[in-house]
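Peer 1: Following the numbering used here from start to finish, the sequence shown increments by one per residue and tops out at 142. We put the beta carbon where it would ideally sit given N, CA and C, even for glycine. Note that this is a predicted model, so its numbers are computed, not measured.
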Amino acid sequence: MKPRAALQSKDEQRSSRTLYAWDLLIGVQDLTRQGVLRLRRPGTEAFLGDEKMAAPPVTTLRELEAVAYQFSNRRIDDLDALRKWLAVPVAPGPSLGGARPKANFTDTDGSLWIGKFPARDDDRDVGAWEYAVHQLAQAAGVADGLHYRGGQP
């Protein structure tokens, strides 16, 4: 959310402001919220968190992977490129949890998925290790959600 706030302050020709807990709470796209907390202004039907640069549907996982790679670069000086990448919701951080680059995306049937991607500074295949832990959990009888790695369940 900090990159989006930086772009907004530049567009509005003002200095960047501090983001508070409320900004982080309402900055999450309503479609991707998990749990029961949804926010809207009194007397309105639209929920907060419906901004253009929040979490729009995405067409391909390859596009998400390329954007995740760019976002893992901690210093982004090209604001036009940043604006383009923010149109695709990939970033490491708290809104989806953890430090791995990830994104919400919708499948062709409209179902919501989370994609996790390699980071630029990875020195090992973190996804492979996470998948190994998933397989161990399944073998131990721990139930969890459906997972895919490289297109395979």
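Alpha carbon to alpha carbon, what distance is there between residue 129 and residue 29?
Peer 2: 42 Å
Peer 1: Is residue 53 buried or exposed, if buried means 16 or more other CB atoms sit within 10 Å of its CB?
Peer 2: Residue 53 comes out buried.
Peer 1: Hey, how far is the Cα of residue 10 from the Cα of residue 17?
Peer 2: 12 Å
Peer 1: Work out the CA separation of residue 69 and residue 2 for me, nearest whole Å.
Peer 2: 16 Å
Peer 1: Which residues does DSSP pair with residue 103 in a beta bridge?
Peer 2: Paired residue(s): 93.
Peer 1: My understanding is that residue 107 touches residue 99, with C-beta atoms under 8 Å, so please give their C-beta distance in whole angstroms.
Peer 2: The pair is not a contact, with the Cβ atoms about 27 Å apart (cut-off 8 Å).
Peer 1: Determine the closest residue to residue 12 out of -8, 110 and 113, with distance taken between C-alpha atoms.
Peer 2: -8
Peer 1: Secondary structure at residue 2, three-state DSSP: helix, strand or coil?
Peer 2: coil
Peer 1: What is the residue span of the alpha helix (DSSP H) that residue 116 lies within?
Peer 2: 115 to 128
Peer 1: DSSP three-state label for residue 112, please.
Peer 2: coil
Peer 1: Quick check on residue 9: does DSSP put it in helix, strand or coil?
Peer 2: coil
Peer 1: Check whether the Cβ atoms of residue -6 and residue 4 lie closer than 8 Å to each other.
Peer 2: Their beta carbons are not under 8 Å apart, which means residue -6 does not touch residue 4 by this criterion.
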